[in-house]
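For the sequence shown, the positions run 16 to 350 when our numbering is used.
Heads up, the thing below is written out as structure tokens.
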Amino acid sequence: MQSNGIKKPTVVIRLSHMGDVALTTGVLAHRHDTHCETFVFITRAANAPLLKNHPAITETITLSDADLTTAKWIQRARELANRFRDHTLLDLHGTLRSRILSIVWNGPVKRYPKYGLYRRLFDRTHMDIFKDKLESTSVPQRYAMALEHTPPPAQDITPRIYLTQEEKEAAINTLPRSDRPLIALHPYATHTAKQWPVSHWNDLTALLDAAGMDWFVVGRNDIPLFPGDPRDFTNATDLRATCGLLRQADMLVTGDSGPMHLASGVDTPVTAIFGPTVKAWGFFPASVDDQVLERDMDCRPCSLHGGKSCEKGHECMAAISPTDVMESLNQRIKR
Numbered sequence: 016m017q018s019n020g021i022k023k024p025t026v027v028i029r030l031s032h033m034g035d036v037a038l039t040t041g042v043l044a045h046r047h048d049t050h051c052e053t054f055v056f057i058t059r060a061a062n063a064p065l066l067k068n069h070p071a072i073t074e075t076i077t078l079s080d081a082d083l084t085t086a087k088w089i090q091r092a093r094e095l096a097n098r099f100r101d102h103t104l105l106d107l108h109g110t111l112r113s114r115i116l117s118i119v120w121n122g123p124v125k126r127y128p129k130y131g132l133y134r135r136l137f138d139r140t141h142m143d144i145f146k147d148k149l150e151s152t153s154v155p156q157r158y159a160m161a162l163e164h165t166p167p168p169a170q171d172i173t174p175r176i177y178l179t180q181e182e183k184e185a186a187i188n189t190l191p192r193s194d195r196p197l198i199a200l201h202p203y204a205t206h207t208a209k210q211w212p213v214s215h216w217n218d219l220t221a222l223l224d225a226a227g228m229d230w231f232v233v234g235r236n237d238i239p240l241f242p243g244d245p246r247d248f249t250n251a252t253d254l255r256a257t258c259g260l261l262r263q264a265d266m267l268v269t270g271d272s273g274p275m276h277l278a279s280g281v282d283t284p285v286t287a288i289f290g291p292t293v294k295a296w297g298f299f300p301a302s303v304d305d306q307v308l309e310r311d312m313d314c315r316p317c318s319l320h321g322g323k324s325c326e327k328g329h330e331c332m333a334a335i336s337p338t339d340v341m342e343s344l345n346q347r348i349k350r
């Protein structure tokens, strides 16, 4: 696996959503720091900005939706296999597309343990035997287990987003800091079940104002939380600019979302509100100052990604009050 004494970069494939790709970045940084490994990263074009300036990544190969149609992907997979002959393929996706690539790959293939059977069994039975197995590792730790039997501590492989000085200064100019705490809010969710009620967000901003804390909104949604308010940056920033704004904040309040991982990537502590999804799925934030708010309910988890309808009016989310969130913020701001 050496050429002229230089170790060939490992080729990583992880498509899917932004948050899934963000969760790989700390693992790759850790391998670069501890083993001097480098990587070529294959992903969807929309995810590529997350990987910009990453010291472990020598090249990012982007794929469009057209590239991922079955016929086109088989062709692209063969091209990639020929180009990276004798390189190791690191499959951090584990889907049909990545399996197709591994079939034609001309070199070693490594995969991470998805624990798909454990996830299905826990989803259906809620039995502790499956829960304990899943909670023993986070998703980034499972990624790391493709490369080493015993994963690093979860706190050592949290996401890493590498902003340029220009990007940092742009965020500072957009959100100049005062001596008041600055709280970022991400009120949106891909699935309704993971959405904290809009009324709760309204009440939380009122509590923040009353406590003398500044706040702003980030994310993408059809309707902004506070349309016309200069503190609402909904749909106004791209991925890199969003990371810059999150870096300016003292904390982020969010549900189970991609921006939760972006905040970790720029060292901003998170208050995460979890309802239909749970720690066993592996997506809990893992930085020292992060905190997850959740309610112990027999119906949790109800799905892997929060896509199922709810007969209880999303009580698992609604039962977490704005006061609960304020208490979480106040405790850590004082600390």
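Here a beta-carbon is modelled for each residue, glycine too, at the ideal position from N, C-alpha and C.
Point to revise | Simplified DSSP assignment, three categories, for residue 145 | key: Along the sequence shown, read from residue 1 onward, the residue named residue 145 stands at position 130. Note: residue 145 maps to helix in three-state DSSP.
Point to revise | Opening and closing residue of the beta strand (DSSP E) in which residue 27 lies | key: Locating residue 27 in the sequence shown gives position 12, where the first residue counts as 1. Here the beta strand (DSSP E) through residue 27 covers 25–28.
**Study point:** Own chain partners of residue 197 with C-beta closer than 6 angstroms, once the 5 adjacent residues on each side are dropped
**Key:** Stepping through the sequence shown from its first residue, residue 197 is reached at position 182. Result list for residue 197: 229, 264, 265, in chain order.
Check your understanding: Is DSSP giving residue 187 helix, strand or coil here?
Key -> The sequence position of residue 187 within the sequence shown is 172, counting from 1. The answer is helix: DSSP assigns residue 187 an H, G or I state.
Practice item. Would you kindly check if the distance between the Cβ of residue 232 and the Cβ of residue 249 is under 8 angstroms? Key: Taking the first residue of the sequence shown as 1, we reach residue 249 at position 234. Taking the first residue of the sequence shown as 1, we reach residue 232 at position 217. Yes, these two residues count as a Cβ contact at 8 angstroms.
**Study point:** Buried/exposed call for residue 314, threshold 16 Cβ in 10 Å
**Key:** In the sequence shown, the residue the question calls residue 314 occupies position 299. With fewer than 16 other Cβ atoms within 10 Å, it is exposed.
Check your understanding: Hey, how far is the Cα of residue 280 from the Cα of residue 137?
Key -> The residue given as residue 280 occupies position 265 in the sequence shown. The residue given as residue 137 occupies position 122 in the sequence shown. Roughly 29 angstroms separates the two Cα atoms.
Review point. By how many angstroms is the C-alpha of residue 153 removed from the C-alpha of residue 171?
Key: Stepping through the sequence shown from its first residue, residue 171 is reached at position 156. Stepping through the sequence shown from its first residue, residue 153 is reached at position 138. In a straight line, the C-alpha of residue 171 is about 12 angstroms away from that of residue 153.
**Study point:** Proximity to residue 77 [Cα-Cα], best of 247, 24, 58, 316
**Key:** Here residue 77 corresponds to residue number 62 of the sequence shown, with the count starting at 1. Residue 58 is the option with its Cα nearest to residue 77.
Check your understanding: Is it the case that the Cβ atoms of residue 104 and residue 119 are separated by a distance below 8 angstroms?
Key -> In the sequence shown, the residue the question calls residue 104 occupies position 89. In the sequence shown, the residue the question calls residue 119 occupies position 104. Contact: no.
Practice item. Determine the DSSP secondary structure at residue 312, reduced to helix, strand or coil. Key: Taking the first residue of the sequence shown as 1, we reach residue 312 at position 297. Here residue 312 sits in coil by DSSP.
**Study point:** CB-CB length for residue 209 against residue 73, believed under 8 angstroms
**Key:** The residue given as residue 209 occupies position 194 in the sequence shown. The residue given as residue 73 occupies position 58 in the sequence shown. Not quite, the Cβ-Cβ distance comes to about 35 angstroms (not below 8 angstroms), so this is no contact.
Practice item. Starting from the C-beta of residue 32, find all residues in its chain whose C-beta is less than 6 angstroms away, skip the five residues before and the five after it, and write them out in chain order. Key: Here residue 32 refers to the residue found at position 17 of the sequence shown. Nothing meets the Cβ criterion.
Review point. Can you tell me the Cα-Cα spacing of residue 25 and residue 65, whole angstroms?
Key: By 1-based counting over the sequence shown, the position of residue 25 is 10. By 1-based counting over the sequence shown, the position of residue 65 is 50. Going by the C-alpha atoms only, they are around 18 angstroms apart.
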